[in-house]
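Some notes on the structure that comes next.
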Amino acid sequence: MGLNMIVGVPAHAENDCTGTASADLAVIGELLERAGAQPWTGPGPAEARGTDFEMWGYSGLHAVRRLAVHLEAHGRLPEPLDGSQRATDDPLLIEVYQSLPGDPPGPFDHLIHHSDCEGYYVPVDFAPVIVDEKVLGGHLGSSVRLLAEVRRIAEALGLPEDLDPDSEEVVDAADAEEPAAEGWQRYGIESHDCLQLLAAAKLSVATGAAIAFT
634 MGLNMIVGVP
644 AHAENDCTGT
654 ASADLAVIGE
664 LLERAGAQPW
674 TGPGPAEARG
684 TDFEMWGYSG
694 LHAVRRLAVH
704 LEAHGRLPEP
714 LDGSQRATDD
724 PLLIEVYQSL
734 PGDPPGPFDH
744 LIHHSDCEGY
754 YVPVDFAPVI
764 VDEKVLGGHL
774 GSSVRLLAEV
784 RRIAEALGLP
794 EDLDPDSEEV
804 VDAADAEEPA
814 AEGWQRYGIE
824 SHDCLQLLAA
834 AKLSVATGAA
844 IAFT
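All the letters of the sequence shown, read from the start, carry residue numbers 634 to 847 under the numbering used here.
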């Protein structure tokens, strides 16, 4: 199974694979209050229709994060991965994963410092990533901040936000055995997942629903 994002977390669901358990809601509310952030309850059940955004496996998310750490450290994108390389073997990404999110936060903290398999982003603007073992995944992120951070990566890639991640153009670039010579197509998998992250974050901000990693 790969990584899925679901936007449309029912705020009043007692426990649902596409919703926020009531215990999670209570923890999120407590942590936001402690951080001095605006409260969040999410949309009511009638408006909380879940929408799925499928990533290019867990490796796709790590590949996007690899771009982020290189942009932060060097101001430029790294060379594309080849078939023998994994993003999680990148020394710079390993170093950042072993650190805690900053206060004030770095330019990509909400993207990077979050579980790759579970947890939430809520549409509330708060600066440092909230780290607490009581919240699912150990980190609570802001979908407002996530949207801004991923837009920086898309800009560096030259990636148009209005591209359909399921289009033939994008899927062919992600499936390519060798990177293209130029453009966002050099980073096919990263571009696909950037588009999915952008779409999920935009929907979260527009509807007031959380992003849930599943």
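All C-beta atoms in this analysis are idealised placements derived from N, C-alpha and C, irrespective of residue type, glycine included. Note that the structure is a prediction, hence the values are computed from the model and not measured.
Annotated three-state conformation of Thr840 is helix, per DSSP. Comparing C-alpha distances from Val777 to each of Ala834, Ser800, Ala806 and Thr847 shows the shortest one belongs to Ala834.
Cβ contact annotation for Phe759 (same chain, cutoff 6 Å, sequence separation greater than five): Ala668, Ala670 and Ser775, in chain order.
A Cβ-Cβ distance of about 5 Å is found for the pair Val762 and Asp742, placing them in contact under the 8 Å criterion. In this structure, Val804 sits away from Leu828, with a CB-CB distance that is not shorter than 8 Å.
The alpha-carbon separation between Asp715 and His825 amounts to approximately 17 Å. Ranking Gly662, Ile639, Met638 and Gly791 by CA distance to the CA of Asp765 puts Gly662 first. Looking at the DSSP output, Tyr754 bridges to Gly774 and Ile844. Inclusion of Ala720 and His695 in the CB contact set at 8 Å is warranted, their separation being smaller than that value. Nearest to Arg709 by alpha-carbon distance, out of Ala807, Leu773 and Glu788, is Glu788. Comparing alpha carbon positions, the residue from Tyr754, Leu830, Trp689 and Leu831 closest to Gly770 is Tyr754. By the criterion of a C-beta distance shorter than 7 Å, Gly791 is surrounded in its chain by Gly816 and Trp817, once the five residues flanking it on both sides are discounted. With 16 or more neighbouring CB atoms inside 10 Å of its own CB, Ile844 falls in the buried class. Contact between Pro740 and Glu705 holds, since their C-beta atoms are separated by about 6 Å, short of 8 Å. Counting along the chain, Glu687 sits inside the beta strand (DSSP E) bounded by residues Thr684 to Glu687.
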